[in-house]
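Quick notes on the structure that follows.
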Amino acid sequence: MDFLHRTFSDVYARQNNWLTRIDVRVKMLYVISLLSINLWAKNVSVPLFFFSVSSILLFSIRIPFMAILRSMSLPLIFAILILLMKSMHEGERVWFSASILRYKLVFREEGFFCGLHTGSKVLGGISLVITFSFTTTISRLCAGLTWFRVPNTLVELMAFMYRYIFLFVDEVATMWIAQKSRLGHTSWRKMIPSLGLLCGTLIIRAFDRAERTYEAMYVRGYEGGCILTVALSPWRRKEYIFFLGMVLITPILIYMGGLGLW
Amino acid sequence: MGFFYFDKGDTLSRIVTILSLALVLFFAAANRAYAMHITEGILPPQWVAVWFAVSAPFVGIGIYHLKRKKRAVPSYLPLVGMLGAAVFVFSCFPIPVIALNGMATSHPCGTGMSAVLLGPFVSVLVAGIALLIQALFLAHGGLTTLGGNIFSMGILGSFSGYFAFKIAQRCKLPLFWCGFLAGTISDLFTYLGTSIELGLLVINKGGSFLKATAEIFGVFMMTSQGVLCIVEGAVVGFVMVFIYKRRPGILFNLGVIRDDTKSIET
């Protein structure tokens with residue numbers, strides 16, 4: 001379970017840098033509008049522009065290259081897979097063909113460009129999302145969602161889930177090691193019941209913890225209302241400047257994205 | 001055409017090529033396979049809108065259910081949050097792929113179990129939040145594909161798992177098999193949903209939707225996910241039996257079983 005500790009962490013979002021200091025509402029507006037532009041882009045330039053700018057921004061706030069690569073690796077593989085699949089199965093004009101183990105692979109030009117387009121959208125979109133997640137804590141995100149009138153129940157549930165995921169990951173990691181050291185994962189026949197046992201224990205603990213947490217919340221005055229405590233301050237000059245920047249940049253990006261160029 | 005769609009030519013050779021390619025990429029992906037979520041940027045704008053429109057009513061009803069229950073029982077929200085977190089962690093369990101002799105791992109969906117424990121509508125909500133957290137913090141799935149992923153994993157996964165469990169209970173199957181069917185069928189429907197969403201992409205380009213969907217689903221099942229469905233089903237079955245033996249009151253309180261005093265065959 002150690003991969004979760006490595007990837008599922010908000011340690012970078014808690015750092016103090018110019019990107020984390022930007023108001024969450026501005027970042028949300030940016031991400032939503034840029035993702036929409038990325039989605040509608042008819043060329044690869046705009047998604048690749050998003051990818052490059054996001055990478056520069058992440059490096060500028062000293063996010064380690066390995067952390068970025070870890071987050072990007074899976075989408076990157078998807079992008080390559082799409083590129084290969086489309087190259088092999090779409091279009092008429094043959095670029096080149098090769099024979100591997102008696103199977104003939106044919107790469108076509110139209111498919112390659114189509115695959116490149118979709119692959120660039122994957123990269124552009126994911127880089128925008130990880131830039132947002134590396135610079136925004138979940139509590140700020142919840143506060144932002146509340147400001148955008150997302151139902152309180154949904155936001156509270158998200159805050160609850162996120163808070164307890166880390167705790168359960170720690171508990172599961174301990175139980176996982178204990179099971180492994182007692183030869184609980186040596187064969188298939190042992191592993192499946194062991195996983196069932198582990199998950200069953202997790203559910204029972206979750207149930208017990210829910211009761212204890214509710215009691216603790218009740219004595220502190222909780223009666224089913226809002227549990228979020230982060231309050232967002234009114235926009236200052238900096239936020240207005242960022243917002244104005246977005247208003248100016250968006251039409252240019254929409255125009256660029258609509259062009260049929262590369 | 002979708003990326004697994006084959007036109008004229010030697011279909012067999014293409015399937016073999018794709019399968020080998022899928023396996024190579026499968027290993028390249030740091031020995032973890034994530035196949036049930038559509039990644040950011042794959043779906044075109046019109047399908048993004050369609051899947052958000054399809055998912056929104058279910059999420060809305062889920063919120064309504066949760067709100068109503070929260071008003072009646074204030075401890076319900078912490079309970080759903082806690083169980084949701086537990087199911088999320090369960091969905092991150094690295095399950096070795098039997099077909100590859102454990103050389104690679106995959107992960108379960110967890111929606112079958114959450115649907116059985118929390119009911120289908122609240123499970124859609126939990127799945128939606130889990131997908132949002134995964135998209136933001138694991139770059140797994142995406143924000144524009146959230147609607148599509150909620151449809152496949154949240155809606156299809158939850159409802160199929162829930163009804164499979166209820167039908168199995170009606171047929172008086174032992175609790176293990178009820179859980180097994182919920183876990184397996186929920187997974188199968190999740191992959192079917194993803195295949196449908198990807199298969200629909202070929203319609204714009206004049207391809208055959210059914211053929212593309214069947215091929216994508218076939219690739220899912222043949223690589224790792226077919227076995228994973230069965231493994232997840234078995235794990236959910238063991239979980240149900242374990243909770244029933246240790247703390248039957250939990251299943252009774254959550255409405256999974258009707259009477260905790262009456263003995264159930266496990």
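Chains as they are written, first to last, in our numbering: chain A, 1 to 262; chain B, 1 to 266.
By construction, the Cβ of each residue, glycine as well, lies at the ideal position given by its N, Cα and C atoms.
Query	Result
Contact set between the stretch 50-63 of chain A and chain B, restricted to residues whose Cβ is under 9 Å from the partner	none
Minimum C-alpha distance to Gly62/B - residue among Trp177/B, Cys229/B, Ala115/B	Ala115/B
Environment of Lys86/A [buried if 16+ CB atoms lie within 10 Å]	buried
Limits of the unbroken beta strand (DSSP E) element including Ala264/A	Lying outside 1 to 262, the shown extent of chain A, residue 264/A is not represented and no answer is given.
The stretch 73-89 of chain A touching the stretch 21-41 of chain A, judged by at least three CB pairs closer than 8 Å	no
C-beta neighbour in chain B for Val169/A, strict 9 Å	yes
Chain B contact for Met66/A (CB, 9 Å cutoff)	no
9 Å Cβ cutoff, Phe107/A in contact with chain B	no
Proximity test, Cβ basis, 9 Å: Met72/A and chain B	yes
Cβ separation of Cys229/B and Asp259/B, assumed to be a contact under 8 Å, to the nearest whole Å	Contact doesn't hold; Cβ gap of about 31 Å is too wide.
Where Lys104/A sits in the DSSP three-state scheme	strand
Per-residue DSSP class, three states only, for Ser277/B	An answer regarding residue 277/B cannot be provided, because it is not within the stretch 1 to 266 covered by chain B.
Contact with chain B by Ile95/A, beta-carbon distance below 9 Å	Contrary to the premise, residue 95/A reads as Trp rather than Ile in this sequence. Taking Cβ atoms only, chain B never reaches closer than 9 Å to Trp95/A, which makes this a no.
Three CB pairs or more closer than 8 Å across the stretch 83-96 of chain B and the stretch 153-168 of chain A	yes
Coil, strand or helix - His117/A by DSSP	helix
Proximal chain B residues relative to Thr129/A, where beta-carbon distance stays under 8 Å	Note on identity: in this sequence residue 129/A is Val, with Thr being the wrong assignment. The answer, in chain order, is Glu40, Ala135, Leu136, Ala139, Gly142, Leu143.
When Gly200/A, Leu83/A, Ser71/A, Tyr12/A are compared against Glu110/A, the one with the closest alpha-carbon	Leu83/A
Contact with chain A by Phe220/B, beta-carbon distance below 9 Å	no
Neighbour flag for Ser75/B against chain A, beta carbons, 9 Å	yes
Span of the alpha helix (DSSP H), counted from its first residue to its last, around Trp177/B	175-199
Residue interval of the alpha helix (DSSP H) (run including Asp23/A)	First-last for Asp23/A: undefined, no H or E at that position.
Proximity winner among Phe189/B, Gly249/B, Ala214/B, Cys109/B, relative to Gly199/B (alpha-carbon distances)	Ala214/B
Whole-number beta carbon distance between Trp147/A and Leu19/A, since they are thought to touch under 8 Å	Wrong, their Cβ atoms sit about 19 Å apart, outside the cutoff.
Backbone secondary structure at Leu57/A - three-state DSSP	helix
Pair within 9 Å by beta-carbon distance, Gly233/B and Gly193/B	no
Cβ-based burial, Glu197/B [other Cβ within 10 Å; buried from 16]	buried
Under the three-state DSSP convention, the category Lys304/A falls into	Only positions 1 to 262 of chain A appear in the structure, and residue 304/A is not among them; the question remains open.
Interface residues of chain B facing Trp147/A [CB-CB closer than 8 Å]	Under the 8 Å cutoff, chain B gives no residues; its nearest Cβ is about 17 Å from Trp147/A.
Ala130/B beta carbon less than 9 Å from that of Leu143/B	no
Contact belief for Pro74/B with Glu223/A at Cβ below 8 Å, rounded distance in angstroms	6 Å
Amino acids of chain A, ordered along the chain, whose beta-carbon sits closer than 7 Å to that of Ile63/B	Pro151, Thr153, Leu154
Coarse secondary structure for Phe93/B, derived from DSSP in three states	coil
is_contact[Pro248/B, chain A] using C-beta, thresh 9 Å	no
Where His140/B falls: helix, strand or coil (DSSP)	coil
Contact check, Gly128/B vs Ser55/B, beta carbons under 9 Å	yes
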